[in-house]
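Asker: Residue numbers (the numbering used here), protein chains in the order written: chain B, 2 to 115; chain D, 3 to 109. Before I ask anything, let me first share the structure, which is written out below as structure tokens.
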Amino acid sequence: DTGVSQDPRHKITKRGQNVTFRCDPISEHNRLYWYRQTLGQGPEFLTYFQNEAQLEKSRLLSDRFSAERPKGSFSTLEIQRTEQGDSAMYLCASSPTGDFYEQYFGPGTRLTVT
Amino acid sequence: AQRVTQPEKLLSVFKGAPVELKCNYSYSGSPELFWYVQYSRQRLQLLLRHISRESIKGFTADLNKGETSFHLKKPFAQEEDSAMYYCALGAGNMLTFGGGTRLMVKP
Chain B
2 DTGVSQDPRH KITKRGQNVT FRCDPISEHN RLYWYRQTLG QGPEFLTYFQ NEAQLEKSRL
62 LSDRFSAERP KGSFSTLEIQ RTEQGDSAMY LCASSPTGDF YEQYFGPGTR LTVT
Chain D
3 AQRVTQPEKL LSVFKGAPVE LKCNYSYSGS PELFWYVQYS RQRLQLLLRH ISRESIKGFT
63 ADLNKGETSF HLKKPFAQEE DSAMYYCALG AGNMLTFGGG TRLMVKP
């Protein structure tokens, strides 16, 4: 499968714990995006990378959230001190150079905070 | 700031009936508009974009700047069109999605 992959697919954690998600984009894509999707809503932009540089962060991305893409390949999204309001589907997408809006999405990581 | 509104959460039609999924946007600049689709148990994927002016799977969408709308249309719905449809606006190197419309095509 040469599409975008995400790991884990599901994560259940207790409030206050830290969690980390991984995204592997399509190999030749230099842009990588993170979105959050809650029930009944469309995906909400969180942040994006061009290669290893994080170029934009949404106001939705509180100080408890951090994302990295250290070698311009895979990316991680960490949430510290999780809260019940963090329960959501976290989607990763990548896009090829020059076409930022044709984004290829991964299957998502569903986070449940109890 | 940009905003995308899809007024219908659910649209249910019979097979062979025409379909129109509504999308309205607000943006001060010149937008790029897209429709993304998510079929059951599949990933979100691009269906069509306004600049290509193509018909994909029988769907078309026309950008109406005067009404700030980008409605998705198909003259004859098929059962395999049942899915979640998201309108999205591209600006500032990111996509802003609407809340989505679930299309159910009944046999």
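We treat Cβ as the ideally placed atom computed from N, Cα and C, and that holds for glycine.
Less than 8 Å between CB atoms is the rule here; does D/Gly102 satisfy it with respect to chain B?
Answerer: Under the Cβ distance rule, D/Gly102 counts among the residues neighbouring chain B, one pair being separated by less than 8 Å.
Asker: Identify whether D/Asp83 lies in helix, strand or coil by the three-state DSSP scheme.
Answerer: Reduced to three states, the DSSP call for D/Asp83 is helix.
Asker: Rounded to whole angstroms, what's the CA-CA distance from D/Leu48 to B/Tyr49? Just pull it up for me.
Answerer: 18 Å
Asker: In the region 16-96 of chain B, which residue ranges form an unbroken beta strand (DSSP E) of at least 3 residues, counting only runs that do not cross its ends?
Answerer: 20-25, 32-38, 45-51, 54-58, 66-69, 76-80, 89-96
Asker: Can you grab the Cα-Cα spacing for the pair D/Asp64 / B/Pro71, in whole Å?
Answerer: 41 Å
Asker: Below 8 Å on C-beta distance, what does D/Phe61 contact in chain B?
Answerer: Against chain B, the beta carbon of D/Phe61 has no neighbour under 8 Å; the closest one sits roughly 16 Å away.
Asker: So D/Gly92 contacts chain B; which residues on that side make the cut at Cβ distance below 8 Å?
Answerer: Phe101, Tyr102, listed in chain order.
Asker: Determine the contact status of D/Tyr27 and D/Arg51, defining contact as a CB-CB distance below 8 Å.
Answerer: no
Asker: I want to see whether chain B comes within less than 8 Å of D/Arg45, judged by CB atoms only; does it?
Answerer: yes
Asker: Should the region 92-107 of chain D be called in touch with the region 7-15 of chain D, which here means at least 3 C-beta pairs below 8 Å?
Answerer: yes
Asker: Under a three-way DSSP split, which group does D/Tyr29 fall into?
Answerer: coil
Asker: Of the residues B/Gly17, B/Gly107, B/Glu84, which one's Cα is nearest the Cα of B/Ser95?
Answerer: B/Gly107
Asker: What residues in the region 38-64 of chain B bring their beta carbon closer than 8 Å to a beta carbon of chain D?
Answerer: Residues Gly41, Gln42, Gly43, Pro44, Glu45, Phe46, Tyr49, Leu56, Glu57.
Asker: Within its chain, find whatever has a CB closer than 7 Å to the CB of D/His73; leave out the 5 residues flanking it on each side and keep chain order.
Answerer: Glu22, Leu23, Lys24, Cys25, Ala63
Asker: Roughly how many whole angstroms lie between the Cα atoms of B/Arg82 and B/Glu57?
Answerer: 23 Å
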